[in-house]
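Here's the structure we're looking at; comments come further down.
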Amino acid sequence: MTRLKTRIIDLIGTVGPIPVSEYMALCLFDPEDGYYTTREPFGAAGDFVTAPEISQMFGELVAVWLYQAWQAAGRPLPATVAEIGPGRGTLMQDLLRTFLRLDPAFAGGATFAMIEASPRLTEIQQRTLTRQPVRLDWHESVETLPKAPLFIVGNELFDAVPIRQFVRSGAG
Numbered sequence: 435m436t437r438l439k440t441r442i443i444d445l446i447g448t449v450g451p452i453p454v455s456e457y458m459a460l461c462l463f464d465p466e467d468g469y470y471t472t473r474e475p476f477g478a479a480g481d482f483v484t485a486p487e488i489s490q491m492f493g494e495l496v497a498v499w500l501y502q503a504w505q506a507a508g509r510p511l512p513a514t515v516a517e518i519g520p521g522r523g524t525l526m527q528d529l530l531r532t533f534l535r536l537d538p539a540f541a542g543g544a545t546f547a548m549i550e551a552s553p554r555l556t557e558i559q560q561r562t563l564t565r566q567p568v569r570l571d572w573h574e575s576v577e578t579l580p581k582a583p584l585f586i587v588g589n590e591l592f593d594a595v596p597i598r599q600f601v602r603s604g605a606g
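Just so you know, we're using the numbering used here here: the sequence shown kicks off at 435 and counts up by one.
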């Protein structure tokens with residue numbers, strides 16, 4: 435039995451049943467034994483490969499789409515472009531390279547943000563994005579993002595975050 439399984443069994447024994455979302459959060463993000471905090475799940479050596487890891491074209495197309503959305507919103511500055519669940523930072527790297535080519539004034543006037551819960555992945559992202567000539571901040575949740583127009587992207591996000599389970603009962 436793994437350490438995490440033992441801890442979860444002990445937790446349930448102490449407090450009773452836990453929500454599916456709490457169980458998933460422990461399995462995915464536990465600082466000592468979580469999936470995303472203790473191993474490298476991405477790439478050929480990992481468990482899966484995402485589109486940004488295959489070709490930079492994916493990120494370039496997403497950047498063009500985000501840029502057009504920003505233009506359609508009236509070109510607001512300041513604005514924030516955020517990626518939630520950014521993996522190794524490859525998608526943001528492609529976005530930034532494309533924004534800098536498309537419109538350096540936009541790239542220089544916007545704030546870019548990474549929303550990441552894993553300290554280990556944050557370190558990997560910071561290494562990937564260390565030489566970017568833009569303002570780039572890290573946040574653990576969307577609540578701490580700047581109060582500005584927000585353009586957010588999340589690739590392969592919903593299969594990698596805790597979900598809430600709802601059960602319909604006879605009472606409604």
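Even glycine gets a Cβ: it sits at the ideal position worked out from N, Cα and C.
Nearest residue (CA-CA) to residue i, options the options
| i | options | result |
| --- | --- | --- |
| PRO520 | GLN559, VAL449, GLY480 | GLN559 |
| ALA459 | LEU511, VAL576, GLU474, SER552 | SER552 |
| ARG569 | GLN527, PRO596, MET491, ALA605 | GLN527 |
| ILE549 | ASP571, PRO567, PHE482 | ASP571 |
| GLU494 | ARG531, GLY477, ASP481 | ARG531 |
| LEU525 | THR562, TYR457, ALA503 | THR562 |
| PRO567 | GLY542, ARG554, PHE600 | GLY542 |
| VAL595 | GLU456, MET491, GLY447 | GLU456 |
| PRO475 | GLU590, GLN599, ARG602 | GLU590 |
With 16 other Cβ atoms within 10 Å as the buried cut-off, status of residue i
| i | result |
| --- | --- |
| ALA479 | exposed |
| PHE463 | buried |
Alpha-carbon to alpha-carbon, residue j and residue i
| i | j | result |
| --- | --- | --- |
| GLU557 | ARG522 | 9 Å |
| PHE540 | SER575 | 24 Å |
| LEU536 | VAL496 | 13 Å |
| LEU579 | ALA547 | 8 Å |
| PHE533 | PHE585 | 13 Å |
| ALA507 | TYR501 | 10 Å |
| ARG565 | HIS573 | 19 Å |
| TYR469 | ASP593 | 13 Å |
| PRO538 | LEU529 | 12 Å |
| THR440 | SER603 | 31 Å |
| ILE443 | ARG473 | 22 Å |
| ASP481 | CYS461 | 15 Å |
| PRO451 | GLN599 | 13 Å |
| PHE492 | ALA605 | 47 Å |
| GLY447 | GLN490 | 48 Å |
| VAL449 | VAL601 | 21 Å |
| GLY477 | GLU577 | 30 Å |
Short Cβ contact (8 Å threshold) for residue i with residue j
| i | j | result |
| --- | --- | --- |
| ALA544 | VAL515 | yes |
| ILE607 | GLY588 | Limits of the chain in this structure are 435 at one end and 606 at the other, which puts residue 607 out of reach. |
| ILE597 | VAL454 | yes |
| PRO583 | PRO465 | no |
| ASP467 | LEU445 | no |
| ALA513 | TRP504 | yes |
| ARG554 | THR436 | no |
Paired residues, beta bridge with residue i - DSSP
| i | result |
| --- | --- |
| LEU584 | THR514 |
| ARG569 | THR545 |
| PHE482 | PHE476 |
Residue-level contact to chain B via CB, residue i, 8 Å cutoff
| i | result |
| --- | --- |
| PRO520 | Absence of chain B from the displayed structure is noted, only one protein chain being present. |
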